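Shown next, in structure tokens, is the structure this report addresses.
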Amino acid sequence: MQSFETSTLLATEAEQLLALQLDNMKEQLSAQTAASQGFLTFQYDIVTLRSMMRDMPQPVVRGHGQLVGYALAASRAACAESRLLAPLAEQCQELYIDDRRIGDLRYYIMGQICVREGWRGMGLFDALYQHHKVLFSGAYDCMVTEISAANKRSLAAHARVGFQTVQIVREGDVTWHVVAWDWR
Numbered sequence: 005m006q007s008f009e010t011s012t013l014l015a016t017e018a019e020q021l022l023a024l025q026l027d028n029m030k031e032q033l034s035a036q037t038a039a040s041q042g043f044l045t046f047q048y049d050i051v052t053l054r055s056m057m058r059d060m061p062q063p064v065v066r067g068h069g070q071l072v073g074y075a076l077a078a079s080r081a082a083c084a085e086s087r088l089l090a091p092l093a094e095q096c097q098e099l100y101i102d103d104r105r106i107g108d109l110r111y112y113i114m115g116q117i118c119v120r121e122g123w124r125g126m127g128l129f130d131a132l133y134q135h136h137k138v139l140f141s142g143a144y145d146c147m148v149t150e151i152s153a154a155n156k157r158s159l160a161a162h163a164r165v166g167f168q169t170v171q172i173v174r175e176g177d178v179t180w181h182v183v184a185w186d187w188r
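In the numbering used here, the protein residues as written are 5 to 188.
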């Protein structure tokens, strides 16, 4: 097994992260690879990434001296500045985890998680989320993200970590699962 370490994104690694993101966008993958390995839907730019980095450390995994995974965190302020993140943050105001409105909780948005090909199936996904919990559970009650219903691998992995579906939304021809990991 290859060794890895969790850490936070350095400013000098932002372009590496965006390159890893691009390699895993759904449009870049064959249908077979997307179905078996998962895929990314939203493409962040350097401006949005820097906004996210300004407010919160960004959990990453490094292996053999390179960035091999990331799980982006977005504060409410960063979400307000992003056309990709703002709709989910607004939606959270009216969603519930058990009997509590998410908007009444201390929450943040998990913007995207990705593990480099060749490093999957080695525990990096879980390690990234555990690193989120270590970094943020003192200041936040939960994190929220959304996953395409077509991304079965990601849905299963998020459920395994402890996320629960709080809403299913259809936008055009795409169905989304809004999921939350409750740390209360």
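We put the beta carbon where it would ideally sit given N, CA and C, even for glycine. Every value quoted in this text rests on a predicted model; they were computed, and no experiment measured them.
Taking the DSSP output, what are the residues bridged to residue i?
| i | result |
| --- | --- |
| residue 114 | 77 |
| residue 170 | BP columns for residue 170 are empty, so no partner. |
| residue 195 | Nothing about residue 195 can be read from this structure; the chain reaches only from 5 to 188. |
| residue 147 | 112 and 185 |
| residue 70 | 67 |
| residue 100 | 105 |
| residue 152 | 180 |
| residue 175 | 178 |
| residue 119 | 73 |
Please state the DSSP three-state secondary structure of residue i.
| i | result |
| --- | --- |
| residue 141 | coil |
| residue 94 | helix |
| residue 159 | helix |
One question on the structure: do residue i and residue j come within less than 8 angstroms of each other, judged by their Cβ atoms?
| i | j | result |
| --- | --- | --- |
| residue 88 | residue 171 | no |
| residue 106 | residue 15 | no |
| residue 55 | residue 19 | no |
| residue 90 | residue 96 | no |
| residue 186 | residue 113 | no |
| residue 150 | residue 92 | yes |
| residue 64 | residue 11 | yes |
| residue 57 | residue 109 | no |
| residue 28 | residue 43 | yes |
| residue 111 | residue 133 | no |
| residue 53 | residue 24 | no |
| residue 38 | residue 30 | yes |
| residue 69 | residue 8 | no |
| residue 173 | residue 165 | no |
| residue 147 | residue 6 | no |
| residue 161 | residue 129 | yes |
Since residue i and residue j should fall inside the 8 angstroms C-beta cutoff, what is the C-beta to C-beta distance between them, to a whole number of angstroms?
| i | j | result |
| --- | --- | --- |
| residue 48 | residue 118 | Not a contact, Cβ separation roughly 11 angstroms. |
| residue 180 | residue 163 | The pair is not a contact, with the Cβ atoms about 15 angstroms apart (cut-off 8 angstroms). |
| residue 135 | residue 77 | Wrong, their Cβ atoms sit about 10 angstroms apart, outside the cutoff. |
| residue 50 | residue 22 | 7 angstroms |
| residue 157 | residue 41 | 7 angstroms |
Unbroken stretches of the beta strand (DSSP E), 3 residues or longer, contained in the stretch 6-64: Scanning the stretch 6-64 for uninterrupted beta strand (DSSP E) segments of 3 residues or longer gives 9-12, listed from N- to C-terminal end.
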